[in-house]
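As they're listed, the protein sequences go chains L and A.
Here my numbering is used: the first residue of the first sequence is 30, the next is one more, and so on.
Here my numbering is used: the first residue of the second sequence is 60, the next is one more, and so on.
Beta carbons are placed, not taken as given, at the ideal position from N, Cα and C, and that holds for glycine.
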Amino acid sequence: MIVIDRKIIGMTFAAHSAVVEAGQLRFFAKAIGETNPIYFDESAARDAGHPTLPVPPTFFFSLELTRPESNWREQAGIQLPRVLHGEQQFTYHRMAYAGDTLHFEGRITDVYDKKNGALSFVVMETTVTNQRGEHVADIRKSLVHRNG
Amino acid sequence: MTQPERKALKVGDTLPPLVLAPVNRTTLALFAGASNDHNPMHIDIDFARKGGMPDVFAHGMLGMAWLGRLLTQWVDQRQLRQFNVRFAGITHLGNQITASGRVTELFEADGEHRAKLEIQSANQYGEIKIVGDAIVAL
């Protein structure tokens, strides 16, 4: 049975920034079958009172994934084929738009087992701010690692 | 977009459901690229089999993005305060997801009227894939 190293609790990820690109927002809208034009047509977005294309509710997760690669998973004993997504939470403070530069500061806040150690849960929390230092969102992600 | 009328909204009211096309490999390839999630479990059957899965399967965040569409077709995204899910089951190729939601609570917080919603995704066999909740301002 694999044991996830508890020492990763409290570990912080190197902060990183991501520029929100309009083209990728349009690609994301296509990939999820979005039909509301405010998410892929700038003029529809402006007609609805937005400055340009908004970042849709779950896309912060995708922007966070642009974090530079590191080997923290391997060091903690996590194997990618054994990982499932357990829970995902977003708290929103203000909108973000194409052209914004978003700043991500994340850390591992908990590791715990369920089912007598057959499953380990790794919880990560990230604060998202924009180029003006304004608080945009909080992200909480829980990964499940199948240990058996 | 027709916004929900705060005065008329009641606990138990349902959101217009969102019925998606069945998941296929193209859906997953496009979502992998568009979402920056390049985990091969979702796009490479050889890798998935080595990981003990019979085939590739949908990204959890694809299902959550569909729930996001359910919410933003009902309420302007500027009114979305919280969006939480638990992934309850794997969404397999061929699964046709229906996203649905209902109002479970009406309350006031931070000086605004808010509604709490219970949301879920299920496939064509009624198997629950995602359960969650959201808080929106009214």
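Approximately 12 Å separates the beta-carbon atoms of Ala196 (chain A) and Leu68 (chain A); this is outside 8 Å, ruling out the contact.
Take Phe146 (chain A), set aside five residues on each side of it, and the residues of its chain with a beta-carbon closer than 7 Å to its own are Gly119 and Ile189, in chain order. Pro83 (chain L) is bridged by DSSP to L:Tyr126.
By DSSP's assignment, Ala67 (chain A) forms no beta bridge with any residue.
At the C-beta level, Asp72 (chain A) and Asn143 (chain A) stay beyond 8 Å of one another. Per DSSP, Met112 (chain A) lies in no beta strand (DSSP E) and is assigned neither H nor E. Boundaries of the alpha helix (DSSP H) around Gly127 (chain A): Gly119 to Thr131.
A direct Cα-Cα distance of roughly 38 Å separates Asn159 (chain L) from Asn176 (chain L). The Cβ atoms of Gly122 (chain A) and Pro86 (chain L) do not sit closer than 8 Å to each other. The beta carbon of Gly52 (chain L) sits no closer than 8 Å to any beta carbon of chain A. In the three-state reduction of the DSSP assignment, Leu89 (chain A) falls in the helix class, which pools H, G and I. DSSP places Gly52 (chain L) inside the alpha helix (DSSP H), whose first and last residues are Ala51 to Ala60. Residue state for Ile37 (chain L) is assigned as helix, using DSSP reduced to three classes.
Annotation: Gly52 (chain L) to Pro75 (chain A) spans about 29 Å, alpha carbon to alpha carbon. Checking the DSSP bridge columns, you'll see Gly146 (chain L) has no partner listed. Straight through space, the alpha carbons of Lys143 (chain L) and Phe90 (chain A) are spaced by roughly 30 Å.
Not flagged as an interface residue toward chain L: Trp133 (chain A), since no C-beta distance is shorter than 8 Å. Counted as a single uninterrupted DSSP element, the beta strand (DSSP E) harbouring Phe119 (chain L) occupies residues Val112 to Tyr121.
The beta carbons of Pro97 (chain L) and His45 (chain L) sit closer together than 8 Å. Per DSSP, Glu171 (chain A) is one residue of the beta strand (DSSP E) stretching across Glu171 to Ala181.
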